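S.K.: So the mapping is simple: our numbering equals the position in the sequence shown, first residue as 1, plus 5.
By construction, the Cβ of each residue, glycine as well, lies at the ideal position given by its N, Cα and C atoms.
Owing to the predicted nature of the structure, the values given are computational and were not obtained by experimental measurement.
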Amino acid sequence: MELLNNDANALHEPNASSLSADNAAVEVSIELTADMPGEIIAEQQEVFVPSSATAVIERLQSLVQGSDCDIDSDELASLKQQFYSLRNDAVYASRQAFIDAGGEVEAYTPDAELVEQENQFKALLAEAKEKKAAARARIEAQQLENLKRKQAIIAELTAMSEDADNVNRHYPQAKELQTEFKEIGDVPPQNATETWKAYQDAVEKFYDQWKVNKELRDYDFKKNLAEKQLIIAEAEALAGEEDIITAFRRLQDLHEKWRQSGPVAKELRESLWAQFKDASAGINKRYQDFFEQRKLREQQNEEAKTALCEKAEAIDIDALTSFSAWNEATRTLLDLQQQWKTLGFASRKANNALFSRFRAVADKFFQAKATFFSTVKDTLSENLAKKISLVEQAESLSASTEWRKTTDILVKLQQEWKTIGAVPKKHSDALWHRFNEACDKFFAAKKAATGDQRKTEAANLKVKRQILNELTAMLADDCDKTREEAVARIQELRTQWQGTGHVPFRDKDKLAESYRNTMRELFERYDIHGNQARMQAYQSEIDSMTDSDRPRLVRERERMVRAYEARKAELKTYENNLSFLSAKSRSGNSLISDIQSNIHRLQATLTDLEKKIEIIDSKL
Numbered sequence: 006m007e008l009l010n011n012d013a014n015a016l017h018e019p020n021a022s023s024l025s026a027d028n029a030a031v032e033v034s035i036e037l038t039a040d041m042p043g044e045i046i047a048e049q050q051e052v053f054v055p056s057s058a059t060a061v062i063e064r065l066q067s068l069v070q071g072s073d074c075d076i077d078s079d080e081l082a083s084l085k086q087q088f089y090s091l092r093n094d095a096v097y098a099s100r101q102a103f104i105d106a107g108g109e110v111e112a113y114t115p116d117a118e119l120v121e122q123e124n125q126f127k128a129l130l131a132e133a134k135e136k137k138a139a140a141r142a143r144i145e146a147q148q149l150e151n152l153k154r155k156q157a158i159i160a161e162l163t164a165m166s167e168d169a170d171n172v173n174r175h176y177p178q179a180k181e182l183q184t185e186f187k188e189i190g191d192v193p194p195q196n197a198t199e200t201w202k203a204y205q206d207a208v209e210k211f212y213d214q215w216k217v218n219k220e221l222r223d224y225d226f227k228k229n230l231a232e233k234q235l236i237i238a239e240a241e242a243l244a245g246e247e248d249i250i251t252a253f254r255r256l257q258d259l260h261e262k263w264r265q266s267g268p269v270a271k272e273l274r275e276s277l278w279a280q281f282k283d284a285s286a287g288i289n290k291r292y293q294d295f296f297e298q299r300k301l302r303e304q305q306n307e308e309a310k311t312a313l314c315e316k317a318e319a320i321d322i323d324a325l326t327s328f329s330a331w332n333e334a335t336r337t338l339l340d341l342q343q344q345w346k347t348l349g350f351a352s353r354k355a356n357n358a359l360f361s362r363f364r365a366v367a368d369k370f371f372q373a374k375a376t377f378f379s380t381v382k383d384t385l386s387e388n389l390a391k392k393i394s395l396v397e398q399a400e401s402l403s404a405s406t407e408w409r410k411t412t413d414i415l416v417k418l419q420q421e422w423k424t425i426g427a428v429p430k431k432h433s434d435a436l437w438h439r440f441n442e443a444c445d446k447f448f449a450a451k452k453a454a455t456g457d458q459r460k461t462e463a464a465n466l467k468v469k470r471q472i473l474n475e476l477t478a479m480l481a482d483d484c485d486k487t488r489e490e491a492v493a494r495i496q497e498l499r500t501q502w503q504g505t506g507h508v509p510f511r512d513k514d515k516l517a518e519s520y521r522n523t524m525r526e527l528f529e530r531y532d533i534h535g536n537q538a539r540m541q542a543y544q545s546e547i548d549s550m551t552d553s554d555r556p557r558l559v560r561e562r563e564r565m566v567r568a569y570e571a572r573k574a575e576l577k578t579y580e581n582n583l584s585f586l587s588a589k590s591r592s593g594n595s596l597i598s599d600i601q602s603n604i605h606r607l608q609a610t611l612t613d614l615e616k617k618i619e620i621i622d623s624k625l
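1. Using 10 angstroms around the beta-carbon of glutamine 419, count the other beta-carbons present and answer buried if the total reaches 16, otherwise exposed.
2. Would DSSP call threonine 487 helix, strand or coil?
3. Here's the rule I'm using: 16 or more other beta-carbon atoms within 10 Å means buried, otherwise exposed. How should serine 67 be labelled?
4. Between the alpha carbons of glycine 504 and leucine 466, how many angstroms are there, rounded?
5. Give me the Cβ distance between isoleucine 414 and leucine 395, rounded to the nearest whole Å; I'm assuming they're in contact under 8 angstroms.
6. From leucine 149 to lysine 155, what distance separates their C-alpha atoms?
7. Could you have a look at aspartate 383 and say whether DSSP puts it in helix, strand or coil?
8. Look up glycine 287 in the DSSP assignment and say whether it is helix, strand or coil.
9. Under 8 angstroms between the Cβ atoms of isoleucine 236 and lysine 262?
10. By DSSP, does proline 71 sit in helix, in strand, or in coil?
11. What are the boundary residues of the alpha helix (DSSP H) that includes phenylalanine 528?
12. Under three-state DSSP, which class holds tyrosine 89?
13. Using three-state DSSP, classify tyrosine 212 as helix, strand or coil.
14. Could you tell me if asparagine 196 is buried or exposed, where buried requires 16 or more neighbouring beta carbons within 10 angstroms of its beta carbon?
15. Within 10 Å of its beta-carbon, does isoleucine 104 have 16 or more other beta-carbons around it, so buried, or fewer, so exposed?
16. For the ligand SAM, is there any heavy atom lying closer than 7 angstroms to the beta carbon of tryptophan 278?
17. I need the boundaries of the alpha helix (DSSP H) containing isoleucine 250, first residue and last residue.
18. Are the CB atoms of methionine 540 and isoleucine 618 within a distance shorter than 8 angstroms?
19. Would tryptophan 345 and phenylalanine 363 be called neighbours here (beta carbons separated by less than 8 angstroms)?
20. Can the beta-carbon of serine 361 be found closer than 8 angstroms to that of glutamate 307?
21. Between alanine 463 and proline 509, what straight-line distance do the alpha-carbon atoms span, to the nearest angstrom?
22. Going by CA-CA distance only, name the one from Glu121, Asp191, Thr335 and Ile320 that's closest to glutamate 145.
23. Between which two residues does the alpha helix (DSSP H) containing alanine 146 stretch?
24. Among Ile393, Trp408 and Thr406, which has the Cα closest to the Cα of serine 433?
25. What residue does the alpha helix (DSSP H) around glutamate 570 start on, and which one ends it?
26. Look at alanine 568 and leucine 614 and say whether their C-beta atoms are less than 8 angstroms apart.
27. Which residues mark the beginning and the end of the alpha helix (DSSP H) in which serine 405 is found?
28. Would you call the segment 319–339 in contact with the segment 283–292, where contact means no fewer than 3 C-beta pairs closer than 8 angstroms?
29. Taking Cβ positions, are leucine 583 and isoleucine 600 nearer each other than 8 angstroms?
30. Go ahead and pull the three-state DSSP assignment for methionine 540.
31. Since alanine 312 and glutamine 342 should fall inside the 8 angstroms C-beta cutoff, what is the C-beta to C-beta distance between them, to a whole number of angstroms?
32. Could you work out which residue in Arg409, Ile604 and Arg302 is closest to arginine 572 when comparing CA atoms only?
33. Go through its chain and collect everything with a Cβ distance to arginine 439's Cβ below 6 angstroms, but skip five positions before and after it.
34. Mind checking glutamate 80: buried by the 16 CB within 10 Å criterion, or exposed?
35. I believe glutamate 161 touches leucine 182 by the beta-carbon criterion, under 8 angstroms. Please report the beta-carbon distance rounded to the nearest angstrom.
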């Protein structure tokens with residue numbers, strides 16, 4: 006039978022009456038029970054009597070499959086002895102039967118069943134021993150842990166007994182430690198007696214100190230009462246503090262002082278606490294109201310900041326393609342940032358998220374702005390180089406006397422100048438002044454050299470105005486000329502106009518425009534080109550077609566549409582080219598005049614094509 010030792014500690018604690026503050030002594034007694042160290046208790050076990058080796062194996066298998074704590078060393082030894090006793094009997098009987106059957110003793114070998122039975126027993130026995138060893142290791146580890154815990158309790162009780170000023174305050178904890186000590190299990194047998202004696206000494210020392218300290222308790226009650234009354238007075242005075250945050254923090258300090266102050270007589274405790282609690286309630290109510298109002302303000306600030314984020318996010322960065330647009334957007338964003346600064350905090354969670362959101366928009370904006378200005382800076386530098394080149398060319402030609410050739414070159418330079426974008430502002434005015442001065446210098450010299458030509462141009466202007474007046478008069482409703490007379494006169498005036506030379510530059514465009522408009526109206530009125538006759542003939546041709554001609558009619562319409570689209574594209578090209586031209590020379594004016602003539606011609610052609618398509622559609 007395995008021997009078990011327990012270190013059950015049977016310290017009888019004083020009852021509630023004997024341990025109260027009103028008692029002058031503490032009775033401590035120790036009762037030794039049957040489970041004290043050194044006592045051995047024999048456990049009665051039921052004796053297992055196997056009927057066969059198989060029964061022994063079954064019993065051993067049940068022990069292995071059960072809890073490892075149930076495996077007893079004595080029982081394992083008994084089962085081993087019983088198994089081999091029964092097995093030897095079985096081997097003997099088997100060998101005797103082998104000999105009786107005529108076999109030789111030397112030739113006998115145990116049956117395979119007996120061998121397998123022995124192997125099974127050995128395996129189970131080894132497994133049982135392993136489980137028993139593991140259980141023992143766990144028990145020993147638990148005993149060591151129990152020893153540590155009990156030693157810690159002893160050390161804490163010793164420390165509390167040495168803290169003479171607070172021994173009364175430690176009393177509830179000392180009671181808890183004693184209860185905990187009793188609930189802890191066994192310790193290693195070799196440490197049981199020593200641990201028990203150390204525990205007994207610590208408990209007795211604590212209660213001795215507690216008894217001595219009682220005489221000072223009444224004095225402490227009086228001192229603590231004065232301290233608590235002072236705390237209450239300070240708490241009541243906080244009602245006049247305007248800053249509720251300061252008042253609340255000071256109240257927390259007073260509560261901490263209250264907790265740290267010692268106890269008072271039992272009959273005063275509730276009334277003193279009620280006074281302190283009432284003084285605290287007013288401060289807490291003001292503090293709660295303050296935070297409810299602050300929560301409302303935070304909600305309003307959150308809504309306002311969310312609106313600012315949405316306004317900032319609404320700035321379309323992709324649409325900012327100029328300095329003015331970027332500057333305007335920058336002013337808008339800076340204004341939003343200024344508004345942000347005027348707003349207070351939102352809730353802590355929302356405030357950080359909103360700030361990150363607003364800052365991300367601002368960072369993205371200013372990064373895009375920096376990229377734009379960096380790109381524009383490169384473009385401005387390129388434009389500056391181009392315009393400096395034009396200025397240098399113009400200055401090199403300003404003294405030229407090749408009037409026509411140089412005029413054409415300068416006109417092209419002026420046109421190219423218009424196609425080049427902006428340059429850095431600090432260079433813009435100076436470059437333009439140099440370029441314009443070079444051009445003016447040349448054209449002033451040219452004007453001085455061609456003074457007689459101006460007189461001729463003035464005379465030509467007078468002649469062309471007379472021609473234009475007569476042509477305009479032919480548009481009047483009271484014109485008495487027949488169509489043939491009108492057409493002949495128009496042709497004469499047209500020939501005379503074309504034979505007249507150049508007019509002053511300032512009058513050229515306006516005069517030419519009036520002439521073209523007047524001639525177009527005359528051509529339409531007198532159908533000089535026969536457009537009306539041709540359109541009537543086309544109408545008659547289409548009307549004469551029958552249903553069998555429908556495929557040909559469809560093809561004709563497709564041809565007209567293709568021609569219309571081609572002329573329309575050609576017209577757009579001429580109009581685009583015209584928008585880039587602003588000539589100040591005869592050759593430049595001639596180019597513009599040609600383009601305008603082509604535009605009028607194409608517009609008339611498009612009108613004819615539209616009418617023809619309408620004629621075909623009416624037939625289809």
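M.R.: The answer reads as follows:
1. Here the question's residue 419 lines up with position 414 in the sequence shown. Buried: at least 16 other Cβ atoms inside 10 Å.
2. For the purposes of this step, residue 487 is identified with residue 482 of the sequence shown, where counting begins at 1. DSSP places threonine 487 in coil when its eight states are reduced to three.
3. Mapped onto the sequence shown, residue 67 falls at position 62. Exposed, since its Cβ has fewer than 16 Cβ neighbours within 10 Å.
4. As a working mapping, residue 504 is identified with position 499 in the sequence shown. As a working mapping, residue 466 is identified with position 461 in the sequence shown. Answer to the nearest angstrom: the Cα atoms are 12 angstroms apart.
5. Position 409 of the sequence shown, counted from the start, is the residue given in the question as residue 414. Position 390 of the sequence shown, counted from the start, is the residue given in the question as residue 395. Not quite, the Cβ-Cβ distance comes to about 11 angstroms (not below 8 angstroms), so this is no contact.
6. The residue labelled residue 149 in the question sits at position 144 within the sequence shown. The residue labelled residue 155 in the question sits at position 150 within the sequence shown. Roughly 10 angstroms between the two C-alpha positions.
7. Your numbering for residue 383 matches position 378 in the sequence shown. Note: aspartate 383 maps to helix in three-state DSSP.
8. To locate residue 287, count along the sequence shown from 1; it is residue 282. In the structure shown, glycine 287 sits in a helix (DSSP, three-state: H, G or I).
9. As a first step, residue 236 must be located in the sequence shown, where it is residue number 231. As a first step, residue 262 must be located in the sequence shown, where it is residue number 257. Yes, Cβ-Cβ distance for isoleucine 236 and lysine 262 is below 8 angstroms.
10. For this step, residue 71 is matched to residue 66 along the sequence shown. In the sequence on display, residue 71 carries glycine and not proline. Look at glycine 71 here: in three-state DSSP terms it is coil, with no helix or strand label.
11. Within the sequence shown, numbered from 1, the residue matching residue 528 stands at position 523. It spans 510–530 - the alpha helix (DSSP H) in which phenylalanine 528 sits, taken as one unbroken run.
12. Your numbering for residue 89 matches position 84 in the sequence shown. Helix.
13. Residue mapping note: residue 212 aligns to position 207 of the sequence shown, counting from 1. In this structure, tyrosine 212 counts as helix in the three-state DSSP scheme.
14. Position 191 of the sequence shown, counting from 1, holds the residue named residue 196. The residue is buried, with at least 16 neighbouring Cβ atoms inside 10 Å.
15. Within the sequence shown, residue 104 is the residue found at index 99, counting from 1. Counting Cβ neighbours within 10 Å, isoleucine 104 comes out exposed, since fewer than 16 surround it.
16. The ligand SAM is not part of this structure, which contains no ligands at all.
17. Walking along the sequence shown from the start, residue 250 turns up at place 245. That run of the alpha helix (DSSP H) goes 249–265.
18. As a first step, residue 618 must be located in the sequence shown, where it is residue number 613. As a first step, residue 540 must be located in the sequence shown, where it is residue number 535. No. Outside cutoff.
19. Walking along the sequence shown from the start, residue 345 turns up at place 340. Walking along the sequence shown from the start, residue 363 turns up at place 358. Going by C-beta atoms, tryptophan 345 is nearer than 8 angstroms to phenylalanine 363.
20. The sequence position of residue 361 within the sequence shown is 356, counting from 1. The sequence position of residue 307 within the sequence shown is 302, counting from 1. For serine 361 and glutamate 307, no; Cβs fall outside 8 angstroms.
21. Position 458 of the sequence shown, counted from the first residue, corresponds to residue 463. Position 504 of the sequence shown, counted from the first residue, corresponds to residue 509. Those two C-alpha atoms are separated by around 6 angstroms.
22. Residue numbering aside, residue 145 sits at position 140 when the sequence shown is read from its first letter. It is Asp191 whose Cα lies nearest to the Cα of glutamate 145.
23. The residue labelled residue 146 in the question sits at position 141 within the sequence shown. 117–167 is the extent of the alpha helix (DSSP H) around alanine 146.
24. As a first step, residue 433 must be located in the sequence shown, where it is residue number 428. Minimum Cα distance to serine 433 is reached at Ile393.
25. On the sequence shown, position 565 is the one that residue 570 refers to. Start and end: 555–584.
26. Here residue 568 is taken as the residue at index 563 of the sequence shown, counted from 1. Here residue 614 is taken as the residue at index 609 of the sequence shown, counted from 1. Taking 8 angstroms as the Cβ cut-off, alanine 568 and leucine 614 qualify as a contacting pair.
27. Stepping through the sequence shown from its first residue, residue 405 is reached at position 400. Note, serine 405: premise wrong, no alpha helix (DSSP H); not H, not E.
28. The segment 319–339 is not in contact with the segment 283–292.
29. In the sequence shown, residue 583 corresponds to position 578, counting from 1. In the sequence shown, residue 600 corresponds to position 595, counting from 1. Cβ atoms of leucine 583 and isoleucine 600: closer than 8 angstroms.
30. As a position in the sequence shown, residue 540 is number 535, starting the count at 1. Residue state, collapsed to three classes: helix.
31. Reading the sequence shown from its first residue, position 307 is the one you call residue 312. Reading the sequence shown from its first residue, position 337 is the one you call residue 342. Contact flag wrong, Cβ pair sits at about 14 angstroms.
32. For the purposes of this step, residue 572 is taken as residue 567 along the sequence shown, with counting starting at 1. Out of Arg409, Ile604 and Arg302, Ile604 has the C-alpha closest to the C-alpha of arginine 572.
33. As a working note, residue 439 is residue 434 in the sequence shown. Correct list, in chain order: Val396.
34. Here residue 80 corresponds to residue number 75 of the sequence shown, with the count starting at 1. Per the 10 Å Cβ criterion, buried.
35. Start at 1 with the first residue of the sequence shown, and residue 161 comes out as number 156. Start at 1 with the first residue of the sequence shown, and residue 182 comes out as number 177. Right, the Cβ-Cβ distance comes to about 6 angstroms (below 8 angstroms), so this counts as a contact.
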